[in-house]
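Visitor: Those protein sequences? They're chains A and B, same order as listed. Take -10 as the starting number for the first sequence in the working numbering and just add one per residue. Take 116 as the starting number for the second sequence in the working numbering and just add one per residue. C-beta: ideal position from N, C-alpha, C; glycine also.
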Amino acid sequence: MPIILDRCCEKCSHSQAEPCPMAIECLLDGPLCHESPACSEARNTWKSKVQRSGLSQPVIFAGAGTCGLGAGAGSTIQAIREFLDTRSIPCTIVEVGCIGLCAVEPIVDIMLPGRARVSFAGVTHDRVCALLESMLERGEVPEDMALCQFTGTGETWKGVPLFSEHPFFGPQTRWVLENCGTMNPESLEEYLAAGGYRAFAVTLRTRTPESTCDIVEESGLRGRGGGGFPAGRKWRFALNTPSGSKYVICNADEGDPGAFMDRAVIEGDPHKLIEGIAIASYAVGANKAYIYIRAEYPLAIQRLRKALEQAENQGILGTNIFDSGFDLNIVIKMGAGAFVCGEETALIHSIEGHRGMPSPKPPFPAVSGLFGKPTVINNVETLANVPGILNNGPGWFRSAGTENSPGTKVFALSGKITNTGLIEVAMGTPIHDILFSMGGGIPDGKAFKAVQIGGPSGGCIPDGHTDLRIDYESLGEFGAMMGSGGLVVMDEDTCMVDVAKFFMDFIQRESCGKCIPCREGTRRLLEILNAITRGYRDETPEQALERFRGIVNLERLGQVIRKTSLCGLGQTAPNPVLSTLRWFRDEYEAHIFERKCPAGVCTGLLTFSIDEDACRGCTLCAGKCPTGAVKGARKSPHYIVTSECIGCGACLEVCPFDAVRVH
Amino acid sequence: MMKLTINGKTVEARNGETILEAARKIGLDIPTLCHMEGLAPTGTCRVCVVEDRKTGKLIPSCSYPAAEGMEIATHSNQAVAARKTIIELLLASHPDDCLYCPGNGTCVLQRYAQELGVRQRSYSGARNRINLDVSSPSIIRDPEKCILCGRCVRVCSEVQGVSAIDFTGRGSGAQVACAFDEGLNISSCVNCGQCVMVCPTGSLTERRDVERVMKALDDPEVTVVVQHAPAVSVSLAEEFGLKPGSDIVDKMNAAFRRMGFDSVFPTSFSADLTVMEEANELVQRVRNGGPFPMFTSCSPGWIKFLEEFHPEMLGNASTCKSPQQMMGAVIKRLWAPANNLDPRKVFSVSIMPCTAKKFEAARPEMGGDTQDVDAVLTTRELAELIRIFGIDIAMLEGEPADSPFGDRSSAGKLFGASGGVMEAAARTAFHMLTGENLAELKLDEVRGLDEVKETTLLINGLELRVAVVSGLGNAGRLLKDIIAGKRTYHFVEVMSCPGGCINGGGQPYLTNPERVRARMQTLYEIDRNASLRVAHENPSIKALYRDFLEEPGSERAHHLLHTEYTAREVLR
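1. I want to know whether the stretch 620 to 633 of chain B touches the stretch 589 to 608 of chain B - three or more CB-CB distances under 8 Å.
2. For the structure I just gave you, are there three or more beta carbon pairs, one from the stretch 152 to 168 of chain B and one from the stretch 257 to 268 of chain B, closer than 8 Å?
3. Is residue 315 of chain B near residue 224 of chain B, with beta carbons less than 8 Å apart?
4. Near residue 394 of chain B, what residues of its chain come up, given a Cβ to Cβ distance below 7 Å and the 5 sequence neighbours on each side ignored?
5. What three-state label does DSSP hand residue 598 of chain A in the structure shown?
6. Under 9 Å between beta-carbons, which chain A residues line up against residue 282 of chain B? List them in chain order, please.
7. Please tell me whether residue 552 of chain A has its Cβ less than 8 Å away from any Cβ of chain B.
8. Is the beta carbon of residue 571 of chain B sitting closer than 8 Å to the one on residue 351 of chain B?
9. In the DSSP assignment, the alpha helix (DSSP H) including residue 678 of chain A goes from what residue to what residue?
10. What does DSSP give as the partner residue(s) for residue 677 of chain B in the beta ladder?
11. How would you list, in chain order, the residues of chain A whose beta-carbon sits under 7 Å from the beta-carbon of residue 536 of chain B?
12. Establish whether the CB of residue 164 of chain B and some CB of chain A are separated by less than 8 Å.
13. Closest Cβ-Cβ distance between residue 175 of chain B and chain A: below 8 Å?
14. Out of curiosity, what's the CA-to-CA distance linking residue 505 of chain B and residue 552 of chain A?
15. Measure the Cβ-Cβ separation of residue 221 of chain A and residue 239 of chain A and say whether it is below 8 Å.
16. Please classify residue 276 of chain B as buried or exposed, where buried requires at least 16 neighbouring CB atoms within 10 angstroms.
17. Among residues of its own chain, excluding the 5 on either side of residue 516 of chain B, which ones have a beta-carbon nearer than 7 Å to its beta-carbon?
18. Is the shortest distance between the beta-carbon of residue 119 of chain B and the beta-carbons of chain A less than 8 Å?
19. Identify the contact partners of residue 497 of chain A in chain B, using a Cβ-Cβ distance below 8 Å as the criterion.
20. Return the chain-ordered ranges of every alpha helix (DSSP H) run that is complete within the stretch 414 to 479 of chain B and spans a minimum of 4 residues.
21. Within the same chain, show all residues whose beta-carbon is closer than 6 Å to that of residue 322 of chain A, passing over the 5 residues directly before and after it, in chain order.
22. What does DSSP give as the partner residues of residue 240 of chain A in its beta bridges?
23. Just by C-beta distance, which residues in the stretch 134 to 155 of chain B are closer than 7 Å to chain A?
24. Name, going along the chain, the residues of the stretch 240 to 252 of chain B whose beta-carbon falls closer than 8 Å to a beta-carbon of chain A.
25. Beta-carbon separation of residue 536 of chain B and residue 413 of chain B under 8 Å?
26. Below 8 Å, how does it come out for the stretch 477 to 495 of chain B and the stretch 319 to 330 of chain B: are there three or more Cβ pairs, yes or no?
27. Cα separation between residue 654 of chain B and residue 525 of chain B?
28. If I'm right that residue 143 of chain B touches residue 121 of chain B with Cβ under 8 Å, what's the distance once you round it to whole angstroms?
29. Take residue 463 of chain B and list the residues in its own chain whose beta-carbon comes closer than 7 Å to its own, dropping the five residues that flank it on each side.
30. Taking 8 Å as the threshold, find out whether the stretch 316 to 332 of chain A comes into contact with the stretch 197 to 212 of chain A through three or more Cβ pairs.
31. Assign residue 185 of chain B to one of three DSSP states: helix, strand, or coil.
32. Note down, in chain order, all residues in the stretch 505 to 524 of chain A with a beta-carbon under 8 Å from any beta-carbon belonging to chain B.
33. Quick check on the DSSP output: the alpha helix (DSSP H) that includes residue 316 of chain A runs from which residue to which?
34. What residue range does the beta strand (DSSP E) around residue 410 of chain A cover?
35. Using only alpha-carbon positions, find the residue among B/440, B/471 and B/455 that is nearest to residue 483 of chain B.
36. Out of curiosity, what's the CA-to-CA distance linking residue -10 of chain A and residue 52 of chain A?
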């Protein structure tokens, strides 16, 4: 499938051996070096074919990202094929990445010739038949399944909301995710036809590395991986450090529980990332770049591999790219799934073949990184922003977001929220809008309690503060952090001590074990949390004393871990405790002093009683009680002697009259 | 140069110097558990954090470069409290058995806990239970006492190039272990004991043989003979609070007798014997055209290193046994029969600055019906034995060693330092080839603590290219260059430990570069002041050849004093 290498006529001199600097622009706007209506026409034909204008047969787009496949997209696609085969309907099926509304996957889009492309939600395999019969055979949109339709793709349908008006999609500013879920991620042609690699080609032809760094610096793009360090400045450090070889590393080791932005970008639009890496490499003078991606992302790796191969075959990567004299080789390096390998220096050691353990900074990687050479490490979302900035200029980038946090940010919504999935919004958007307008609020009419932002290293934002605008400064002032952009929503049924315990458990298991405060401190923090949520019935006086001593030490220990740990993982490790302690001290106190879990989550602290009015005296519970704590005569209301109860909950399970109450 | 203030005092620092280095220049001791002089900082222990007064942040002084205008408080309340918490955290997962611990008294963790005023157990909870590794003939590992400072891992990989141990596991389950959690015995460990020297706790120690020696001393049926290595008499003094670098060989002889050893011989005697055999082997190789380079074989860690990593080069190693094993063979196979003693009733003890010697003594090639050397004690174990016997060594009157192996040349004594074997062998090889002694016996080019030293010896128009290397990491790199043809030599001296036996893995804890230098200077001083400075003029050596061994390289000598090596399959 040669595209760029296809010559329109004898006058085109572009070839693998002697590449033309204008090849990409020529493909889109050409021919540039000669006048020829036939050659122009050939380009237009190619473009409209790739962009599916003037379809002769329907196209079905199936959301086949990891989230879609998890929701059953595999069976859906199979059911679609069977349907088309048995009825001999000529139709193209395109597998696309995730469009972001993971809650209603599998999502299938259908585009009939001349009509607008429509998205359908919840298309499980058993609903395929009804959908396709309606669309392909009757030409009717089943409105109960329709999500929205895309303008500019043909005549719109009545009764189907436009993408831009949809409550989930409408308020978003989709720059990084622009192609995710709509474009075929395995097609280089589609990416090229949409203007892909133009930013890279123009940069190679017209800009110096310095001016490229200038543009990125002017745009104000900040690292989207957590720290928020200005990307352009980081590049310039590396550019200005003299060295025979330099490296660019794309950090795709997305490890926060509840974060899946990078995966979606790679699965949905791998070429955008590759273009970003290529521009960054040129800007710092790196001829080799690594994509460090966790092995748990097999689909993303597969799509990246394919995209890299396509780019190499077309001379977009390799030696003397577009006759610029610039060489670039991009290598995929799979990580074994250690959370700490998301930390720059640990990631570098992992690539070097060593154990993934961080080392002290300074020296910073931009000065001495991979194999001791200047190395720029940016995360996926940061790099995916780069082509847009180079295409449209820093001013365009600053048109969204705030003064100090320009651009957009992708967030992964998960937990107790209606619309779980990915959204991309302008920086500075209030949390309230994200959760309650786009996110659709809390399901089942429950009350919102807090949202954890930034994964285990982040902090929580409680109810009453949802007017907080999400940007680096506001979050920092609030004592939270952007992190990579995971938003885990919690409702009234969530116990905040339990949440802190969950994150502490995660962190202490994922600590690399190198520095003492993180290795030993997180373990003790977790033990203290375990002690205050554990059942107290068999607690010895010594254990009770230990528990209290732990509580006394909790904050001090957290502060020492924060202030003395070696890397970002350790320095932020106590955040879940410190942050929940700050906003939900009353819940901690209820656990500690009253030995009660207000949310009813910590089972060890539950007490049971029997509702006299509901109890019929059937004796089932008394028979099941392993300690004989349930007393009472047959046919008269029973009661539980709390001091004998071990809180196992057996009575609750067996009661046929729902008479057992939990407190 | 830049200026910063530390605890209110202005300090000048060079570019690249760390805060720790700057602070040490003005006499401030900042505690650290992981810092290693000469190696890049890893920032592991965080005990060295100091307060940056301008930001209020705690920064690790061992890795943070000093910068112009910094205001540092090394012992602010915040820094000291953080340090104390870190020590308390370590203690929370540390066994409570200081009284039973081999590290008691030398343990750095114990010292810091004392100094920082840890008087109660602030944190308690689960502790890792990990089995002892007693598989090695030389080194015992107690992973429960390990604080994961990483010093052993670094010395093993970065200094020695062996990498027998590394970190495994994550979080609080992290530990230092051998590959596949196997024992040290089947790892690539060469038993050099450098890990023992750098361990700040009692997690790494030598295998203790003190009881076996005491049992033999107490047995009236058994004749106990002891030999002591040249590097022991110049370091033992430190164990008893005497000045580093003091040579107390005569007092040591007396102490041995007070403890009940029947005969006391210096290993320097058999070092002279090694010189004779090794110089002869070199001369033979020169005459036969190789194989070159010939490597010395005195250092058992180096021999195991070769057997593991470069078995293809084993033919280049001298076939000479080490001085310890030559002495062992001579005692059991010549001296015992000559004195009408059953070798099985002779218990041969050697005092070595080395843990690998324990492994060497146990090698199957080194004995027959009974091992040539029955027990090897390190310098530390000797000090322990002397304390058990209640001997105040400073009070003892010096005594000479026993005959017939009590005489030594100062060449044999030089074996204790890197370059010493080369110097001793060169003196005798020159004599063997020319019939004359070198005009200047001292070979300055191979002296000192440099990692690799090289020179060319001119003997009768023959140019002999020689090199001296210490530290197995350096040796490994040199060996690679030799294999690749980048360097060519006739003779290479290799000692496993940086600086040689004076810095061996069996030397007193708290050995530091100054002490190593003092020990080395003492050896040079002994050589300078000696009247007998070449092995071939040692009258006892001459007598040994006359009465038993005929001449260097004879069949008799070969049988008794030479050995062979085999390739080893290990995890590496």
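Guide: Quick answer:
1. no
2. yes
3. yes
4. 540, 543, 544 and 547
5. strand
6. 344, 346, 501, 502 and 503
7. yes
8. no
9. Residue coverage of chain A in this structure runs from -10 to 652, which leaves residue 678 of chain A outside it and unanswerable.
10. B/435
11. Simply none; closest approach about 36 Å.
12. yes
13. yes
14. 49 Å
15. no
16. buried
17. 368, 379, 380 and 381
18. no
19. 286 and 287
20. 415 to 424, 438 to 445 and 471 to 476
21. 279, 281 and 340
22. A/281 and A/368
23. none
24. 240 and 241
25. yes
26. yes
27. 13 Å
28. 7 Å
29. 340, 443, 446, 447, 487, 488 and 489
30. no
31. coil
32. 505, 506, 508, 509, 510, 511, 512, 513 and 516
33. Where residue 316 of chain A is concerned, there is no enclosing alpha helix (DSSP H), given that its DSSP letter is neither H nor E.
34. 410 to 415
35. B/440
36. Low per-residue confidence applies at residue -10 of chain A: pLDDT is 44, beneath 50, and the placement is therefore not dependable enough to give any value.
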